[in-house]
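J.: At position 363 of the sequence shown (counting the first as 1) the number is 363 in full-length UniProt numbering, and the numbers step up by one without a gap.
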Amino acid sequence: MRVAIVGMGFTPLRPLSPEVSYKELVYETAVKAYNECGVNPRKDVDTFVTCAEDYIEGTSIFDEYTPDQLGGALKPNHTLTQDGLQGIIAASLQIMTGNFQIAVVEAHVKSSNILTPDGVALCALDPIYIRPLNLNPYFIAGLEYDRFLRANLIESFECGNVVVKNKRNALRNPYACYGENITIDDYLSSEPVSLPLLSADISQPADGCGVFVLASEKVAESLTKKPIWITGFGWNSGSPNLETRDWVCLSYIEKAAKMAYQMAGIKNPYFELDFAEIDDTFSYKELQHLEALGIISDGNVFARLKEGVFHPEGEFPVNPSGGSLGMGYLYEACGLLRLFVACLQLRKEAGPFQLPKAEKALVHSWRGLPTQSTACVIVSTERG
1 MRVAIVGMGF
11 TPLRPLSPEV
21 SYKELVYETA
31 VKAYNECGVN
41 PRKDVDTFVT
51 CAEDYIEGTS
61 IFDEYTPDQL
71 GGALKPNHTL
81 TQDGLQGIIA
91 ASLQIMTGNF
101 QIAVVEAHVK
111 SSNILTPDGV
121 ALCALDPIYI
131 RPLNLNPYFI
141 AGLEYDRFLR
151 ANLIESFECG
161 NVVVKNKRNA
171 LRNPYACYGE
181 NITIDDYLSS
191 EPVSLPLLSA
201 DISQPADGCG
211 VFVLASEKVA
221 ESLTKKPIWI
231 TGFGWNSGSP
241 NLETRDWVCL
251 SYIEKAAKMA
261 YQMAGIKNPY
271 FELDFAEIDD
281 TFSYKELQHL
291 EALGIISDGN
301 VFARLKEGVF
311 HPEGEFPVNP
321 SGGSLGMGYL
331 YEACGLLRLF
341 VACLQLRKEA
351 GPFQLPKAEK
361 ALVHSWRGLP
371 TQSTACVIVS
381 TERG
């Protein structure tokens, strides 16, 4: 059974949103999604999925606080402490059982409410061996970045080209809040955080919310004239422990991508997909993920970046929306944001950042430090 995206809503990202609570943010976004497909959540929706983390929300058992503003009171609800893209997969699996016809997926963040984001990240580290060191969590990204550069015999300024590309892409995206016309010199002059990691390498937090309405193929085309079909998906988690993980091979991403490609019948993603919206929490991650996802498998990812292959006008656009570096970092809502902008492209509704060819795309998420948790979704205008 195929699953389609029939409605979606997202708030424009902002560094601060003091005029609204997270409940108002969610309600506003849910109304947008429901209006797109004419769905009444209290009558038509069979199941609700929310992606949230108690530490980020600052509230224990946070799933008790999500049903009301989604219209999901007294309906099946469950919360995943995972990225929003995994919520899309969870909802799709429910629909594929045949017991549900319409599902809603929501993820949000009020980053501006998080007083100690580094403290939250520290809580995810090993409490015996790593956390007592009381290091800034970005040291993990610094170590991985350094290993990535050494393995490829590349200087760090090469990854600065990702920052330049994505921030410039974001200038054309009305949902983005960190668009900027910068140069490599601007990048190199940014503050060091955990060398070779610079402050410009790190996507900055933002406030935002996304809501998606999914439907079975039985009812999808009665709800919208522009269904976006989910033709494949995959997920995987590697080791959460720094001392036992592989710092070179991202096997967890390779496995998730392979699962998604097999389901979608894709053998060569570079030639069979039109573009990709992938995780770029840190600049080097975009390139690292392109290799692990099998999009670039010849080891020439840096050369392809220099040649402009990943630019909007290139042969294989990557993050034409600006990615997290240009749009903002949304914690558990990052995957939904990547999916939202990919769907805008497929529906030919991306406006100033619309690509000329957009029929099939890869959407990828990574849950961030210190995890090795990932998800991939293939979306298409064709049912497949």
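Beta carbons: idealized from backbone N, C-alpha and C, even for Gly.
Owing to the predicted nature of the structure, the values given are computational and were not obtained by experimental measurement.
(1) With H, G and I counted as helix, E and B as strand and the rest as coil, what does DSSP make of Val120?
(2) List the endpoints of the continuous beta strand (DSSP E) containing Ser237.
(3) When the Cα atoms are used, what is the spatial distance from Pro18 to Val363?
(4) For the 8 Å Cβ check, are there 3 or more pairs between the stretch 202–219 and the stretch 311–330?
(5) Within its chain, find whatever has a CB closer than 7 Å to the CB of Ala256; leave out the 5 residues flanking it on each side and keep chain order.
(6) When DSSP builds the beta bridges, which residues end up paired with Glu254?
(7) Short of 7 Å in beta carbon distance, which residues of its chain neighbour Ala73, apart from the five on each side in sequence? Order them along the chain.
(8) Just confirm the distance between the C-beta atoms of Gln86 and Leu80, as a whole number of angstroms; I'd bet it's less than 8 Å.
(9) Just to confirm, are residue 420 and Ile278 a CB contact at a threshold of 8 Å?
(10) Between the Cα of Cys343 and those of Gly7, Tyr138 and Arg2, spot the shortest distance and give me the residue it belongs to.
(11) Report, in whole angstroms, the separation of the C-beta atoms of Pro312 and Leu355, which I expect to be a contact under 8 Å.
(12) Is the distance from the Cβ of Ala30 to the Cβ of Val162 below 8 Å?
(13) Cβ atoms of Ser321 and Val301: under 8 Å apart, would you say?
(14) Which parts of the stretch 157–194 are runs of the beta strand (DSSP E), unbroken and 3 residues or longer, counting only runs that do not cross its ends?
(15) Considering only their Cβ atoms, is the gap separating Gly208 from His108 smaller than 8 Å?
(16) Please name the residue, chosen from Lys285, Val309, Leu293 and Pro352, that lies closest to His369 on a Cα-to-Cα basis.
(17) Using three-state DSSP, classify Cys334 as helix, strand or coil.
(18) Below 8 Å between beta carbons: does that hold for Leu171 and Asn181?
(19) Helix, strand or coil for Ala220 per DSSP?
(20) Report the residue ranges of all alpha helix (DSSP H) runs contained in full by the UniProt domain "Thiolase C-terminal" (244–377); include only those spanning at least 4 residues, in chain order.
(21) Here's the rule I'm using: 16 or more other beta-carbon atoms within 10 Å means buried, otherwise exposed. How should Val248 be labelled?
(22) For Asp63, which of helix, strand or coil comes out of DSSP?
(23) Tell me the DSSP secondary structure of Ser199 in three-state form.
(24) Which term fits Asn134, buried or exposed, when burial requires 16 or more other beta carbons within 10 angstroms of its beta carbon?
(25) Is Thr79 helix, strand or coil when you go by DSSP?
(26) Could you check which residue in Thr59, Ile130 and Tyr27 has the C-alpha nearest to that of Thr244?
(27) Locate the alpha helix (DSSP H) running through Ala141, then write down its first and last residues.
(28) In angstroms, rounded to a whole number, what distance separates the CA positions of Ile184 and Ser156?
(29) Under three-state DSSP, which class holds Met8?
(30) Between Ala361, Gly384, Ser380 and Gly335, which has its C-alpha nearest Gln82's C-alpha?
(31) Looking only at C-alpha atoms, which of Arg14, Asp186, Leu287 and Val45 sits nearest to Ala151?
(32) Thinking Val104 and Val213 are a contact (beta carbons under 8 Å), I'd like their distance in whole angstroms, please.
(33) Relative to the alpha-carbon of Trp366, which residue among Glu158, Lys165, Pro127 and Asp280 has its alpha-carbon at the smallest distance?
T.: Once the coordinates are examined:
(1) On the sequence shown, position 120 is the one that residue 120 refers to. Helix.
(2) Numbered from its first residue, the sequence shown carries residue 237 at position 237. Ser237 -> beta strand (DSSP E) spans Ile228 to Ser237.
(3) The count along the sequence shown starts at 1 and reaches residue 18 at position 18. The count along the sequence shown starts at 1 and reaches residue 363 at position 363. Their Cα atoms are separated by approximately 30 Å.
(4) yes
(5) Looking up residue 256 in the sequence shown gives position 256. Gly234, Trp235, Asn236, Thr374, Ala375 and Cys376.
(6) Here residue 254 is taken as the residue at index 254 of the sequence shown, counted from 1. Beta-bridge pairing links Glu254 to no other residue.
(7) Indexing the sequence shown from 1 puts residue 73 at position 73. Here the set comprises Pro67.
(8) Here residue 86 is taken as the residue at index 86 of the sequence shown, counted from 1. Here residue 80 is taken as the residue at index 80 of the sequence shown, counted from 1. Rounded, the Cβ-Cβ distance is 6 Å, consistent with contact.
(9) The chain is shown only over 1 to 384; residue 420 falls outside these bounds and no answer can be derived.
(10) The residue given as residue 343 occupies position 343 in the sequence shown. Comparing Cα-Cα distances from Cys343 to each of Gly7, Tyr138 and Arg2, the minimum goes to Gly7.
(11) Sequence index remark: in the sequence shown, residue 312 carries index 312 (1-based). Sequence index remark: in the sequence shown, residue 355 carries index 355 (1-based). Contact holds; Cβ gap of about 6 Å.
(12) Residue 30 sits at position 30 when you count from the first residue of the sequence shown. Residue 162 sits at position 162 when you count from the first residue of the sequence shown. Not in contact: Ala30 and Val162 (Cβ atoms no closer than 8 Å).
(13) Looking up residue 301 in the sequence shown gives position 301. Looking up residue 321 in the sequence shown gives position 321. No, the pair does not count as a contact, with Cβ atoms beyond the cut-off.
(14) 192–194
(15) Numbered from its first residue, the sequence shown carries residue 108 at position 108. Numbered from its first residue, the sequence shown carries residue 208 at position 208. Gly208 is positioned such that its CB atom lies closer than 8 Å to that of His108.
(16) Walking along the sequence shown from the start, residue 369 turns up at place 369. Going by the sequence as given, residue 369 is Leu instead of His. Ranking Lys285, Val309, Leu293 and Pro352 by Cα distance to Leu369 puts Lys285 first.
(17) Start at 1 with the first residue of the sequence shown, and residue 334 comes out as number 334. Note: Cys334 maps to helix in three-state DSSP.
(18) The residue given as residue 171 occupies position 171 in the sequence shown. The residue given as residue 181 occupies position 181 in the sequence shown. Yes.
(19) As a working note, residue 220 is residue 220 in the sequence shown. Helix.
(20) 251–264, 269–272, 283–292, 301–307, 323–327 and 334–346
(21) The count along the sequence shown starts at 1 and reaches residue 248 at position 248. Val248 should be labelled exposed.
(22) Taking the first residue of the sequence shown as 1, we reach residue 63 at position 63. The answer is helix: DSSP assigns Asp63 an H, G or I state.
(23) Mapped onto the sequence shown, residue 199 falls at position 199. In the three-state DSSP reduction, Ser199 falls in the helix class (H, G or I).
(24) Walking along the sequence shown from the start, residue 134 turns up at place 134. In this structure Asn134 is exposed. Its beta-carbon is surrounded by fewer than 16 other beta-carbon atoms within 10 angstroms.
(25) In the sequence shown, residue 79 corresponds to position 79, counting from 1. DSSP places Thr79 in strand when its eight states are reduced to three.
(26) Translated into positions along the sequence shown, residue 244 becomes position 244. The option with the nearest alpha carbon to Thr244 is Ile130.
(27) On the sequence shown, position 141 is the one that residue 141 refers to. Tyr138 to Asn152 is the extent of the alpha helix (DSSP H) around Ala141.
(28) Taking the sequence shown and counting its residues from 1, one reaches residue 184 at position 184. Taking the sequence shown and counting its residues from 1, one reaches residue 156 at position 156. Cα to Cα, Ile184 sits roughly 11 Å from Ser156.
(29) Position 8 of the sequence shown, counted from the start, is the residue given in the question as residue 8. In the structure shown, Met8 sits in a strand (DSSP, three-state: E or B).
(30) Walking along the sequence shown from the start, residue 82 turns up at place 82. The option with the nearest alpha carbon to Gln82 is Gly335.
(31) Here residue 151 corresponds to residue number 151 of the sequence shown, with the count starting at 1. Closest in C-alpha terms to Ala151, from the list Arg14, Asp186, Leu287 and Val45, comes Leu287.
(32) In the sequence shown, residue 104 corresponds to position 104, counting from 1. In the sequence shown, residue 213 corresponds to position 213, counting from 1. The Cβ separation is near 6 Å, so the contact holds.
(33) In the sequence shown, counting from the first residue as 1, residue 366 sits at position 366. Among Glu158, Lys165, Pro127 and Asp280, the Cα nearest to that of Trp366 is on Asp280.
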